[in-house]
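Take 59 as the starting number for the sequence shown in the numbering used here and just add one per residue.
Each residue gets a CB set at the ideal place from its N, CA and C atoms; glycine is no exception.
Since the model is a prediction, treat every value here as computed from it, not as a measurement.
Heads up, the thing below is written out as structure tokens.
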Amino acid sequence: HSLARAVARAVKRQVQTQGAGTNDEEIYLLALIAKEDAKDDKKCKEKLDKYCEALNNATIKAEDVYEKLKTFCKNGKAGEKCKNLEGKVNQKCTEFQGKLQTAVKKNIKNLEDTDCANEQQCLFLEGACPTKLKNNCNTLRNKCYQKKRDKVAEEALLRAVRGGLTNETTCEGKLKEVCIKLSQESDELTKLCLYQKMTCKTFVSEKQKKCNSLEQEVKEALKKNSELREKCLPLLEQCYFHRGDCKKDASQCKLPNGNCEEYLPKCDELAEECGKKGVIYIHPGPDFDPTKPEPTVAEDIGLEELYKEAEKDGIFIGKNHLRDATTLLALLIQDSNLKKKEDKEKCEEALADKCKNSHEHEALEKLCEGNNISNDGTEKCKDLENDIKKTCTNLKPTILRNHLYDPNGEIIEWWKLPTFLSNEECARLESYCFYFKERCPDVKEACMNLWAACYKRGLDARANKVLQENMRGLLRGSNQSWLKEFQQRLVKVCKELKENKGSFPNDEIFVLCVQPAKAARLLTHDHQMRVIFLRQQLDQKRDFPTDKDCKELGRKCQDLGKDSKEITWPCHTLEQQCN
């Protein structure tokens, strides 16, 4: 994740520095602020005047918001900036359209970080050129989102089978054991565990690449001693989980009878150097204690921490909510390697293969007898088409209810997507789309909107959290003096964030920082939604909280309570129960 963030930060400066010149940057900013109005001189001027007026009312200088805005709000400059802007914006959009087309044609596995870096330009230009960019920006974002989710699931399983990647057989032996415990932890893990042979084939074939990449990263980090401290923990963690599969090949021994049991010796050097800087890696899971139960597989691999790290990247991963046979079979019959054509025959073909190891998937167990399909299995395959139809009938109204279904079957623009979904709603609906989007007519676009909305929600939450932490005490209010104070504080906070990092921490923060009045509305609304979701959690758990609830909900009570009176009492009850 640290690598992904570094790439994102490097690309972040593209708009600011990449040989674009001032003029180019102004085009991006105007496209962001004026959206489609950027293509109409009159409407653009009105939008810009309104933007400058809002800053003026809050006694904020445009250059304090962002240095390049200085010339936007000088008397009479708005009209000048908007003059002939349409041609310039169209040119930018057309150039980007070609680049985007190349990226979206790739399948998820082949997408590079540089392809996903195009998400940034989507953020700036899509609102100004929705017809040209909306669909491909949605496709790219969803592919990058899925790639990040796949990466987390693969990392979780690689940690769980560590030391077992000698060959495909040893990998399959380990994977069988851990999948029983892990496959329900996400949709992506379910899929990897459903195709264990394929998963192990990939893991074993890519093992050397992973080892080489880890060794290279460690070597690079050791060269830059002054920057080493912040890289210690993520790299030591990677060493802990993956060096066991990086045994040296006999052909690499230096002496005829040399010891080839070396597992990335650079990792030992790293541990030593990090130790000198006071950084020691403690592996996840509880310490060894004979009086306590053995750690679970999830604890042993630090799954919770892995998911928390993903959240910092805007990715929330919930448990797989669907574990029934219809769901798994709906996924299995999508396999392009199946030879049969009809659902019933595809189902029987897929099931015949899975029945060879039916105990791997509890939902499929009663559809098998010995190593063959049982009578129940044959019946299930016969009814599968109808069972899928029933699920589809229930899915559409749920998506409609969440405003993710466009009546014309269109993709919804990024900035118009609803973001009031809770983590649980996202996880539940994403599960349905994961298994059924190919099978349900009318929901494919709605599922594309859903994935984009949940991804946007995660990226926005990451940005909102950073700004809200610095705006506590001001996250509720509605009058003009409050709005003025809020915007003034926000501008200061943004300036500090930018100065600390050398650039804005991420694009979503930049978008909020250059639009303070809009940020006031979005941040307070988001805070209110967080309060509502916390209230729901407290109603469910405050009377009998677990230690984990006390820790997590207690922290949320502390943060959100500064700007909300409505959770005072339920938070007080939680505190009493926890004490």
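Test item: CB-CB of residue i and residue j under 8 Å
| i | j | result |
| --- | --- | --- |
| Lys105 | Ala116 | no |
| Lys31 | Cys140 | Given a span of 59 to 637 for the chain in the structure shown, any question on residue 31 remains unanswerable. |
| Leu570 | Ala521 | yes |
| Gln545 | Ala578 | yes |
| Arg593 | Pro628 | yes |
| Gln642 | Asn194 | Absent from the structure is residue 642, since the part of the chain shown begins at 59 and ends at 637. |
| Leu442 | Cys413 | no |
| Leu286 | Lys335 | yes |
| Asn378 | Asp245 | yes |
| Leu215 | Thr257 | yes |
| Lys424 | Ser432 | yes |
| Lys126 | Leu88 | no |
| Val236 | Val355 | yes |
| Tyr339 | Leu409 | no |
| Asp107 | Leu143 | no |
| Leu475 | Asn460 | no |
Cβ shell of residue i (< 6 Å), same chain only, five flanking positions each side left out
| i | result |
| --- | --- |
| Cys290 | Cys332, Val337 |
| Gly531 | Lys620 |
| Asp122 | Val549 |
| Lys556 | Phe562 |
| Ala615 | Going by the sequence as given, residue 615 is Cys instead of Ala. Closer than 6 Å at the Cβ level, and outside the excluded window around Cys615, lie Cys629. |
| Lys370 | none |
Start-to-end residues for the alpha helix (DSSP H) that takes in residue i
| i | result |
| --- | --- |
| Val123 | 120-123 |
| Val337 | That residue, Val337, is in no alpha helix (DSSP H); it is neither H nor E in DSSP. |
| Phe494 | 481-494 |
| His630 | 626-636 |
| Cys187 | It is not in any alpha helix (DSSP H) - Cys187 carries neither H nor E in the DSSP assignment. |
| Val501 | Note, Val501: premise wrong, no alpha helix (DSSP H); not H, not E. |
| Thr248 | 245-252 |
| Pro292 | 286-300 |
| Leu106 | 99-115 |
| Gln546 | 538-559 |
| Asn444 | 433-459 |
| Val572 | Looking at the DSSP string, Val572 is not in any alpha helix (DSSP H), and its letter there is neither H nor E. |
| Val236 | 226-240 |
| Glu406 | 401-412 |
| Val219 | Element bounds for Val219: n/a, residue is neither H nor E. |
| Leu158 | 143-163 |
| Asn81 | 79-92 |
| Gln616 | 605-618 |
| Leu387 | 383-390 |
| Ala421 | 420-423 |
| Leu364 | 361-369 |
| Glu138 | 135-140 |
Own chain partners of residue i with C-beta closer than 7 Å, once the 5 adjacent residues on each side are dropped
| i | result |
| --- | --- |
| Thr129 | Lys135 |
| Lys232 | Val219, Gly222 |
| Lys268 | His300 |
| Asp173 | Ala161, Lys164 |
| Cys202 | Leu169, Cys174, Glu177 |
| Asn637 | none |
| Thr449 | Thr384, Phe494 |
| Gly302 | Arg220, Gly221, Tyr321 |
| Leu364 | Val210, Glu213, Ala214 |
Own chain, CB closer than 8 Å to residue i, minus 5 neighbours either side, in chain order
| i | result |
| --- | --- |
| Lys454 | Tyr463, Cys498, Asp500, Val501, Ala504 |
| Pro314 | Note that Pro314 has pLDDT 47, beneath the 50 cutoff, so the model's placement of it is unreliable and no number is given. |
| Ile373 | Tyr203, Lys206, Arg207, Val210, Tyr513, Gly516 |
| Thr197 | Val162, Met506 |
| Lys399 | none |
With 16 other Cβ atoms within 10 Å as the buried cut-off, status of residue i
| i | result |
| --- | --- |
| Gln526 | buried |
| Phe182 | buried |
| Ser622 | buried |
| Cys187 | buried |
| His419 | buried |
| Thr604 | exposed |
| Gly185 | buried |
| Arg217 | buried |
| Val69 | Residue placement at Val69 cannot be trusted, given a pLDDT of 38 that sits under 50; what the coordinates show is reported in the next sentence. The residue is buried, with at least 16 neighbouring Cβ atoms inside 10 Å. |
| Phe261 | buried |
| Asp95 | buried |
| Gln179 | buried |
| Phe518 | Here the sequence assigns Asp to residue 518, which means Phe is not the residue at that position. It is buried - the Cβ of Asp518 has at least 16 other Cβ atoms within 10 Å. |
### Task
Tell me, please, whether the region 500-514 touches the region 544-560 by the rule of three or more beta-carbon pairs shorter than 8 Å.
no
### Query
Within the chosen definition, does the region 245-254 reach the region 382-395 through at least 3 CB pairs nearer than 8 Å?
yes
### Stretch pair the region 468-487 + the region 419-438: three plus CB contacts closer than 8 Å
no
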